[in-house]
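Contents: one structure, followed by commentary.
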Amino acid sequence: MIEEFVGRGYYWVMRVLIVGCGYVGVALGAELVKQGHEVLGMRRSAEGETELSAVGIKPVVADVTKPEELAQLPGPFDWVVNCVSSTKGGVEEYRAVYLQGTRNLVEWLAASPTPPKKFVYTSSTSVYGQTDGSPVKESSPTEPASETSRVLVETERVLVEAAQQRKFPAVILRVAGIYGPERGHLFLQYLKNEAKIEGQGERIINMVHRDDLVTAIVTALKSGRAGEVYNVVDDEPIAQIHFLRWLSETLGKWMPPFAAEGEGTGRKRGITNKKVQNRKLKMEMGCQFKYPNFRKGYTAEIQRLDQAGKLDFKPEPRE
Ligand SMILES: NC(=O)c1ccc[n+]([C@@H]2O[C@H](COP(=O)([O-])OP(=O)(O)OC[C@H]3O[C@@H](n4cnc5c(N)ncnc54)[C@H](OP(=O)(O)O)[C@@H]3O)[C@@H](O)[C@H]2O)c1
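Quick note on numbering: the sequence shown equals residues 5 to 323 in our numbering.
Below you can see the structure in the form of structure tokens.
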């Protein structure tokens, strides 16, 4: 940590490590660089170095599942963000990347003479297994049916224990479905005519725009409380059918067909239905969202695609 004098005052330059510097990590790194911090972004290969360097992130190569590679990283770090992703692997990959990866990080960072001042982990709202459409907050039970989500519950526990044992202050963010430039699972399926309305389409979907997630991570680095959990989701969880209807009306494109529950997604187990609440994030940390609902966020994305000439779907005829 270095104190620098800029303009009319001093500010602290943090040395930040982003573990798993992908879709969210690059946007986060770019924001932290803009705020004057020194940012290192970690991936398993050097392939993405140009993308990272272009926004001022220093690329480093290491695999979170390999402790010997973590030990080679040029620490110490003031802030560490773990936003590594198993890139949709199965339960074994989840165990290796999330659970063992986090254990490796805890062991490595706690052994440092200067452990991080803050550690933020991007967990998932999939840890809530509720299926009745009820509102859930951070204190709600986390008993998911799916094995991969149970791995995330275990991973969170490792970090809460690290915080309780005062190894370093770890903060957990439970992140909803991320969308933004070029992302958004159901939206992209819809554009490709691959979306299905599950059952009656009543299942609630919880979303957050990537840029608001970046804001939440930066806020948690600055003022998140050790061992605490915060949901990161927009203000308006929405039934799948209402989301699709809005897209249909906005784009002038047919509604997708109906399908049996789970058929549209390929998921047989672990289909949840809940309204994730963001009150704690807003009340405790004063986090403000640029895209408080999907209409704001997807309007921006649709305009971006349109301007780039990428909104080239053809209206399909109906029998
Ligand atoms: N997508 C969602 O809707 C969603 C919802 C809730 C929570 N989250 C969480 O949000 C976080 C950010 O997601 P994202 O969309 O930014 O993921 P992403 O784009 O897939 O990026 C993940 C990054 O991790 C790197 N990586 C993968 N395995 C690694 C390993 N073993 N060691 C080091 N780096 C590794 C990948 O690069 P290489 O492959 O080059 O190593 C990639 O750059 C993740 O923690 C994810 O679980 C996502």
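Glycine included, each C-beta is placed from N, C-alpha and C at the ideal position.
{"query": "Distance CB(V233)-CB(E142) smaller than 7 Å", "result": "yes"}
{"query": "CB contact flag (K122, P71, <7 Å)", "result": "no"}
{"query": "beta-carbon G326 near ligand 1 non-hydrogen atom, thresh 6 Å", "result": "Here the chain covers residues 5 to 323 and nothing more, so residue 326 does not appear."}
{"query": "Sequence ranges, beta strand (DSSP E) only - wholly within the stretch 153 to 198, length at least 3", "result": "174 to 179, 181 to 183"}
{"query": "Distance between D238 and A224 (C-alpha atoms, nearest Å)", "result": "16 Å"}
{"query": "Y27, enclosing alpha helix (DSSP H) - first and last residue", "result": "27 to 38"}
{"query": "Spatial distance of T54 from G45 (CA atoms)", "result": "12 Å"}
{"query": "DSSP-derived helix/strand/coil call for T54", "result": "helix"}
{"query": "Residues that DSSP places opposite H213 in a beta bridge", "result": "Y183"}
{"query": "The alpha helix (DSSP H) enclosing R47, as first and last residue numbers", "result": "Element bounds for R47: not the alpha helix (DSSP H) but the beta strand (DSSP E), 42 to 47."}
{"query": "Closer than 6 Å: R207 CB and nearest ligand 1 heavy atom", "result": "no"}
{"query": "Any non-hydrogen atom of ligand 1 closer than 6 Å to V95 Cβ", "result": "no"}
{"query": "The stretch 33 to 40 contacting the stretch 87 to 104, beta-carbon criterion three pairs below 8 Å", "result": "no"}
{"query": "Neighbour-count burial assignment, M211, 16 or more Cβ in a 10 Å radius", "result": "buried"}
{"query": "Inter-stretch contact (C-beta, 8 Å, three-pair minimum) for the stretch 145 to 161 and the stretch 188 to 201", "result": "no"}
{"query": "Identity of the residue in V140, Y183, E198, V20 nearest P261 by Cα", "result": "E198"}
{"query": "R178 CB to nearest heavy atom of ligand 2 below 6 Å", "result": "Inclusion of ligand 2 in the displayed structure is not the case, the ligand content consisting of ligand 1 alone."}
{"query": "Straight-line Cα distance separating K257 from Q307", "result": "16 Å"}
{"query": "Separation of R170 from P304, as counted between CA atoms", "result": "Note on residue identity: the sequence assigns Ala, not Pro, to residue 304. Looking at the two C-alpha atoms, the distance is approximately 42 Å."}
{"query": "Heavy atom of ligand 1 within 6 Å of I182 beta-carbon", "result": "yes"}
{"query": "Buried versus exposed call for Q244 [16 or more other C-beta atoms within 10 Å across all chains shown]", "result": "buried"}
{"query": "Three-state secondary structure (DSSP) of R207", "result": "coil"}
{"query": "Beta carbon of K196 nearer than 7 Å to that of A263", "result": "no"}
{"query": "8 Å Cβ shell around S116 - same chain, five flanking residues per side excluded", "result": "G79, P80"}
{"query": "Bridge partner(s) assigned by DSSP for N235", "result": "R178"}
{"query": "One or two residues paired with S128 in a DSSP bridge", "result": "V179"}
{"query": "For L59, the nearest candidate out of E73, K38, R47, A50 (CA to CA)", "result": "Note on residue identity: the sequence assigns Val, not Leu, to residue 59. Closest option to V59, Cα to Cα, is K38."}
{"query": "Local conformation of T303 per DSSP, three classes", "result": "helix"}
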